[in-house]
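These notes are about the structure you will find just below.
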């Protein structure tokens, strides 16, 4: 029997609702409809069906189906057979297999009623799974008649990575708005997870996955949203909405905020979604709706929208940034939203009130530049699409998400089934995305590679496929950190045959560096399609019929070249660079919980309070947290560390439910003082999620947003600073973040034997890692305690942050400084070491004999060991690598390695190293840290080791010629170390494009007046008035008056908005008329009257605008406000300045 006939014999049941669907109030239960089968299946006996299933299960996707290497003409990849399915003249259209859509019938659930009886109905998913278990992929060959179709099914915005600093982005945004070239659009960042829905067949997706608890929860919450909005019409509207998305090939993206999937910054009071994007997938490049269109779309379907503010004038946009700076360290939802409502030109409240559904803890704000016409269009949309009324809020909608999860606690599958059962057939007519893969080998990494290879070698059937192939080829060629996971597409089961295979592909980007690198490629090649977040593609491999096979000719090429693939409508007339201007701004009250507490749990419990303090202090330094706030947070975090360690001992608190402990602690801490209440923001929202948490088998975390947020490394080295000299009563640790073969041991020997050394009288010792038994860094610490004032050369590779933290801890405990010495090598975007450096290191190792660590030419897997070390640095480029070391240790020594004028690395070495890196990734993904001599790829490793050795020795002359002479290396390293010891070291300067943002927490606005002008004014007054001369005679104002300003508004006295409104004149010159001098025994100040800047009058909010000149010891500067009152009481002197003297200052924030 043929495979297609076998498939046609399979039977699928229909969906019968469980009696538990709505058992709380039957009066509100809606009628359920059954989906009519698309084709009537012939009946067969149970034995026949079982036989068919068994025969199909016997066939499996071959594990060893490798990549194909057939020679395919490049012209096949650059042409298009049909655009928009309209054949061009003289071109035969490509036959595309008919897609029958969703499989007939729906899966059924075996559910228990209250009496314990079971309703057993055959599940279609098991049968669907068996259908794909065959040699279909292995038997599918690529030839001239092989075509492919790639259609994007779901996607979210590309991850934005500004090359410029935040300050430069702000400046450009203000410039664009001020010139009428754009509008700043700002929205709330809800603290949740990405969820996407593309219709009942299009599917439900999380950030990098589908068919799991994350998507089941998202689909349930979306379904509940329709029930609340449409009431008794919900089922009908769900069906219409799903059909609408399918028919128009659309996808909606949402922020899924729920308490059942793990803790973020605050457990939400309700489970909800907010629509963040609507995407028209069409037949070409995805097009994202503008925010006005998103609002119109959502109001039509009664979907929740986000709170949005528009800033279209210079005054409003500068005020916005000032509001954030004033609230960034203490802002919560209520004051932030109120302030933005006041300063924005247009405010569109969200359908979900953040305060009521999530709480006061606000993650942040997202700003982006949109078309200048956006404000007018928004006003039109708001007129045409008024807010809607909810029809189902008073109805009994059945058990809630939390109730369902609480009632189904046995495993993840049970929870998924229960959730999908309550979603209903309109949104989820079958469960194949969740259970269709059970019992199959439908996904393996080998199969991924085979599918990908065949897809890239096939002829693209349309323009979208051509562009997608271009993207995949580039990412593989450049070795981007991404996976292309392929699954059988169970929604297309009816169209599958030996000549027609259907897959779903998940593009999972592993590192943010991939987005940065891809953006660079797009600048060089503007025709590239973007690399999206949440990227899912329907993939179809098929054979064209003999009559329908296309011919490649110039007409196809012309069609391809003339396809309008630009997104000009989305840019709104903005240049590419400006159209992508975005900025993300988070609040410390959120980061306190997530970054400082949750992400520090592992360090606190594994390494102790001292290491934890180092961690959180470094984070606050990276954020440029104000000194006052750092002090307050340090006190609170130290108490937290003591509290939680005392309560839990060494048993680490789970990060998924960490708020169970954090909220009560913060609530009690906040009660102790108003200052602490401001620090915490809000606390006491103790929602017990332990009772209803979703079950995630094996600790898996498919949703990227829930992964532990990595410690934020600075984007660049700190601005130029001179390192203090290493004090003589302290020790010094010199360590080596390098790779075997970097010559650290040889360098240590040279330093020890040098007659001049470091020109320091402290003894120098070295401890070679290869000769130490036991834990090396513990031995170093012991030596440091024995010889605290010595210089220790730590002769061992220190490749990762775990080791760096140990060294930091050692520095604290033994009173020492540490200096990293790194080989100087400009690496690729994802590694600080170049392939040239790796080749040299490997070559050096292979020339060793009798190495004490047994890593030499006699080692059977020496090259593999080098790759292990090389990959320990994966994920950081050279700039990030050096920046983090400088941030941690304050200095960096570079060890010269390669000559700058060297010839390029031979292609044979480059390609062999790249082959080894790819093999290492396959090996580590499957076997982890298992030695290369064992495991699936042992033979491949043996072959590769021999190949690389032969190639390196064959290029020995080249590898020797490109290295900096070792004598020169020693000389330069010694000179750098001497500079650090003496305190002459200066950290690398930042470039304008990588400058770190230095924006503190704004407290007040003032006119900054040059001290020289004030001193000149006082000098003139003293010459004319003896009383003035007598008062200041013993005050030494030339030294005591260091700065002068006239306060315009203070956050505590006048409010955030009052301060923010001066943003429009920030850094602008303002004349100030000085009209009188006041002084008493303890105070002195000048009375001032600000003028105008560019026609805008600058008015101080202070009752008495003044410049404080002097206060007696122990007297606060704010007491100068009382001078007019003291004068009226005869306790102060007033000297009128007539005519007034005008000085010029600039408006600044402090």
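Residue numbers (the working numbering): 401 to 1550. Quick reminder that beta carbons are idealized off the backbone N, C-alpha and C, glycines included. All of these numbers come straight from a predicted model, not from anything done at the bench.
Return the bridge partner residues of residue i from the DSSP annotation.
{"i": "residue 1219", "result": "1134"}
{"i": "residue 547", "result": "859, 942"}
{"i": "residue 1536", "result": "1476"}
{"i": "residue 584", "result": "711, 769"}
{"i": "residue 807", "result": "Partner(s): none; residue 807 has no beta bridge."}
{"i": "residue 556", "result": "933"}
{"i": "residue 748", "result": "708"}
{"i": "residue 652", "result": "597, 678"}
{"i": "residue 616", "result": "For residue 616, which the question treats as bridged, DSSP gives no partner whatsoever."}
{"i": "residue 1508", "result": "1485"}
{"i": "residue 1165", "result": "1192"}
{"i": "residue 1549", "result": "1405"}
{"i": "residue 687", "result": "680"}
How many Å lie between residue i and residue j at the Cα?
{"i": "residue 743", "j": "residue 1409", "result": "27 Å"}
{"i": "residue 1312", "j": "residue 761", "result": "52 Å"}
{"i": "residue 842", "j": "residue 616", "result": "Low confidence applies here, because residue 842 scores a pLDDT of 44, under 50, leaving its location unreliable; read the following figure in that light. Going by the C-alpha atoms only, they are around 21 Å apart."}
{"i": "residue 1522", "j": "residue 984", "result": "42 Å"}
{"i": "residue 1538", "j": "residue 771", "result": "52 Å"}
{"i": "residue 1479", "j": "residue 1504", "result": "14 Å"}
{"i": "residue 492", "j": "residue 611", "result": "Unreliable positioning characterises residue 492 in this predicted model, as indicated by a pLDDT of 38, which lies under 50. A coordinate reading is not provided."}
{"i": "residue 673", "j": "residue 556", "result": "15 Å"}
{"i": "residue 619", "j": "residue 1222", "result": "50 Å"}
{"i": "residue 472", "j": "residue 1298", "result": "For residue 472, the predicted structure reports a pLDDT of 32, less than 50, and the residue's modelled location is therefore unreliable. The matter cannot be settled from this model."}
{"i": "residue 1544", "j": "residue 1081", "result": "39 Å"}
{"i": "residue 1178", "j": "residue 1078", "result": "42 Å"}
{"i": "residue 1228", "j": "residue 1280", "result": "12 Å"}
{"i": "residue 1243", "j": "residue 661", "result": "49 Å"}
{"i": "residue 1200", "j": "residue 609", "result": "29 Å"}
Using C-beta distances below 6 Å, list every residue in its chain close to residue i, excluding the 5 sequence neighbours before and after it, in chain order.
{"i": "residue 1332", "result": "1261, 1264, 1341"}
{"i": "residue 1461", "result": "719"}
{"i": "residue 638", "result": "626, 826, 827"}
Under 7 Å Cβ to Cβ from residue i, same chain only, skipping five residues before and after it: list those, please.
{"i": "residue 808", "result": "814, 815, 818"}
{"i": "residue 858", "result": "542, 546, 547, 548, 941"}
{"i": "residue 1305", "result": "1235, 1236, 1239"}
{"i": "residue 1553", "result": "Look at the range of the chain in this structure, 401 to 1550, and you will see that residue 1553 is not part of it."}
When you measure from the CB of residue i to every non-hydrogen atom of the ligand GTP, does any distance come out below 7 Å?
{"i": "residue 918", "result": "For the structure depicted, the ligand GTP is absent and the ligand set is empty, with no information on it obtainable."}
Whose C-beta lies closer than 8 Å to the C-beta of residue i among residues of the same chain, with five residues either side of it excluded?
{"i": "residue 645", "result": "597, 598, 599, 602, 651, 652"}
{"i": "residue 1320", "result": "1264, 1267, 1268, 1271"}
I'd like to know if the stretch 730 to 742 and the stretch 1450 to 1461 are in contact, where contact means that at least 3 CB-CB pairs between them fall below 8 Å. yes
contact_flag[the stretch 613 to 628, the stretch 662 to 670] where n(CB pairs < 8 Å) is 3 or more
no
- prompt: Along the chain, which unbroken stretches of the beta strand (DSSP E) at least 3 residues long are found entirely within the stretch 1444 to 1505?
  reply: 1444 to 1450, 1469 to 1479, 1483 to 1490
Output the residue ranges of the beta strand (DSSP E) runs that lie fully inside the stretch 881 to 957 and measure 3 residues or longer, sorted by chain position.
882 to 888, 900 to 909, 933 to 943
Is it a yes or a no for the stretch 1369 to 1383 touching the stretch 1145 to 1155, going by three-plus beta-carbon pairs under 8 Å?
yes
Exercise for review: Mind listing, in chain order, the continuous alpha helix (DSSP H) runs of no fewer than 4 residues lying wholly within the stretch 1319 to 1377?
Suggested key: 1338 to 1354, 1356 to 1361
Would you call the stretch 743 to 755 and the stretch 706 to 717 in contact, with 3 or more CB pairs under 8 Å?
-> yes
- Message: Suppose only complete runs of 3+ residues qualify. What are the beta strand (DSSP E) ranges in the stretch 1179 to 1207, listed by chain order?
- Response: 1191 to 1197
message = My parser needs the alpha helix (DSSP H) runs of 4 or more residues fully inside the stretch 993 to 1055; what are they?
response = 1001 to 1007, 1009 to 1022, 1027 to 1048
Query - Meets three-Cβ-pair contact criterion under 8 Å: the stretch 904 to 916 and the stretch 927 to 944 - result: yes
Quiz item: Which parts of the stretch 1233 to 1310 are runs of the beta strand (DSSP E), unbroken and 3 residues or longer, counting only runs that do not cross its ends?
Solution: 1293 to 1295
task = Could you tell me whether the stretch 1284 to 1296 touches the stretch 912 to 925, using the rule of 3 or more Cβ pairs below 8 Å?
result = no
**Prompt:** Do three or more CB pairs link the stretch 1139 to 1147 to the stretch 1204 to 1217 at distances below 8 Å?
**Reply:** no
Fill in: Three CB pairs or more closer than 8 Å across the stretch 1184 to 1203 and the stretch 1129 to 1136
yes
**Request:** Inspect the CB distances between the stretch 631 to 649 and the stretch 787 to 796 and report whether three or more fall short of 8 Å.
**Result:** yes
Three or more C-beta pairs below 8 Å linking the stretch 1033 to 1043 and the stretch 986 to 998: yes
Quiz item: Should the stretch 1436 to 1448 be called in touch with the stretch 1496 to 1516, which here means at least 3 C-beta pairs below 8 Å?
Solution: yes
Contact between the stretch 1007 to 1027 and the stretch 1047 to 1056: three or more CB pairs below 8 Å? no
| message | Is it the case that the stretch 849 to 864 contacts the stretch 671 to 688, given that we only count it when at least three CB pairs across the two stretches are under 8 Å? | response | yes
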